[in-house]
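The sequence shown maps to residues 396 to 845 in this note's numbering. Please read the structure below before turning to the comments.
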Amino acid sequence: MIRIKKGLNIPINGSPTEEIVDSTRSRSVAILGNDYVGMKPTMLVEEGERVKLGQALFEDKKNPGVIFTSPAGGKVESINRGDRRVLQSVVIEVEQEEETEEFNRYSEDELDKTTPAEIRSQLIKSGSWTAFRTRPYSKIPGVEEIPNNIFISLLDTQPLSPNPEIITNLNTDNFNFGLKVLKRLVDCPIHISTGPNSNLDLPEDDQVIKHIFSGPHPAGLVGTQMHYISPASLSNINWTIGYQDVIAIGAQFRTGKVFVERVVSLAGPQVNEPKYLKTRLGACTDEVTAGQLTQRENRVISGSVISGREALGPYAYLGRYHNQISVVAEPNSKDREFMNWLTPGPRKFSKIPLFLSSLFPKKLYKFKALMNGSDRPIVPIGVYEEVLPLNFLPAMLLRNIVLMDTEKIQALGGLELDEEDLSLCSFVCPGKYDFGSLLRAGLTKIEVEG
């Protein structure tokens, strides 16, 4: 067992119950452009065109051969673009009776006889290839690339996240079949990480290796697990894939149809009854949250409260790699206090023992989307070292990320990281820095300039 001692479980109110409830039927779903790092689409459909579930919508111009397929059968309602024609989202109006593209289906015996090329071809054509992401850079791998390792995390320590074991236990056959597909695809170690009290019956052999992690967030992040098992580098390319994507791949190869069912948590201080919801890939968050929230101005987030993104306007859809929808209150004028850091703060949380609330370590808080201050210089008071459990020099690394010193970012281990790996550093930062977006800018510069 690998014990993570540094980190932080954010004490936020509104954790979900573990009962899974069917969500209302989504009338629209979408693929979001900003889910895919560095992607530049070549559109294969137009607005108003009818498409099948699993039909190709666009191809990545920068990564030829990578196909993005429709998450529903229906009509292309809108293709939303922002500045410089950057793709924001492709919205599909879901039909009552969805037409579906058919792919090859396999029994276990038939799967054992397939070649890696056949597996790879079906994953690409069905759009399931986009479930993989590389480390370094967190990009979709090229269609000819082969990883050194594949990582799957069955431990989720994000605030308000669903329990992966509950979801996986409901889909054991599909998950295990998905693992067999991955084993046929590549001849490399497949690392599966679970919590210390896991009761999952996972196949384990020379290729599938089980690891046990314990401790606070970010113990459940695949970046943390990778760091302790086989750190990513330019010479050690790792792939990651979500557990629900493994389930989807298994279901697709068993049935011949793209599997878009997802179970997510709808949780947070502003949710009336936090719960697990059975919905679908790319579901409209406005529809999913309708009638579920308290009556005030709220911020709906696709993903975690510390590493997700606001689901608003053309982005009001469940992200490709997200397993949760979180909701916090938008701040208003009454929420802002003059020099609030001088108040006793019995209802305020801080990683630094600054408020009276530090005397009650089990207290939960109704966090809001309020920064509690403006940008200011980095203050190295040891708080980053308390929440980043990697064998780095956190303050030095973060300083060079801000300065965009790409040589030092690489030397200090920055190539191992993704935005979510620095989300706790952003949360506790006295200077209010968004280290995730700064890291992404640095990684892009490293990739372009070397």
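Glycine included, every Cβ here is placed at the ideal spot set by N, Cα and C.
Put simply, the backbone Cα of Asp455 is about 5 Å away from that of Lys435.
Counting only residues of its own chain and dropping the five nearest sequence neighbours on each side, Tyr779 has a CB closer than 8 Å to the CB of Pro789, Ala790, Leu793, Cys820, Val823, Cys824. Secondary structure of Thr635 (DSSP, three-state): strand. The beta carbon of Leu482 lies closer than 7 Å to those of Gly428, Pro436, Arg476 in the same chain, with the five residues before and after it left out. Counting C-beta atoms within 10 angstroms of its own C-beta, Asn727 has fewer than 16 neighbours from the protein chains shown and is therefore classed as exposed. Under the three-state reduction of DSSP output, Arg794 falls in the helix class.
Within the DSSP bridge table, the entry for Tyr760 names Ile407 as partners. Every unbroken stretch of the alpha helix (DSSP H) spanning 4 or more residues and falling wholly within the segment 604–657 is given here in chain order: 617–624, 638–650. Secondary structure remark: continuous beta strand (DSSP E) runs of at least 3 residues inside the segment 797–822: none found. Looking at the backbone, the Cα of Gly618 and that of Gly409 are separated by about 26 Å. Bridge partners of Thr495 according to DSSP: Leu448. Of all alpha-carbon atoms in Thr529, Gly686, Ile541, Gly537, the one lying nearest the alpha-carbon of Pro511 is that of Ile541. Leu616 sits close to Gln553, with the two beta carbons spaced by under 9 Å. Between Pro531 and Ile804, the alpha-carbon positions lie close to 12 Å from each other.
Counting along the chain, no beta strand (DSSP E) covers Arg771, and no H or E run does either. Assigned with DSSP and collapsed to three states, Ile696 falls in strand.
CA-CA distance, Lys400 to Gly610, rounds to 6 Å. Residues Ile796, Met799, Thr801, Ile804, Gly809 of the same chain have their beta carbon placed closer than 7 Å to that of Gly837, with the five preceding and five following residues left out of the count. Under the DSSP assignment, Val538 falls outside any alpha helix (DSSP H); it carries neither an H nor an E label.
9 Å or more divides the Cβ of Lys605 from the Cβ of Ser628. Among the bridge pairs identified by DSSP, Asp582 is matched with none.
Fully contained in the segment 415–441 are the following beta strand (DSSP E) runs of length 3 or more, in chain order: 415–417, 423–427, 436–438. Here the alpha carbon of Pro557 sits roughly 10 Å from the alpha carbon of Glu414.
For Asn667 against Gln647, the beta-carbon gap comes to about 35 Å, at or over 8 Å, which does not count as contact.
The Cβ neighbour count for Ala806, taken over all protein chains shown within 10 Å, is under 16; the residue is labelled exposed.
Beyond the five residues adjoining it in sequence on each side, Asn566 comes within less than 7 Å, by CB distance, of Ile642 in the same chain, given in chain order. Around the C-beta of Arg715, 16 or more other C-beta atoms lie within 10 Å, and the residue is accordingly described as buried.
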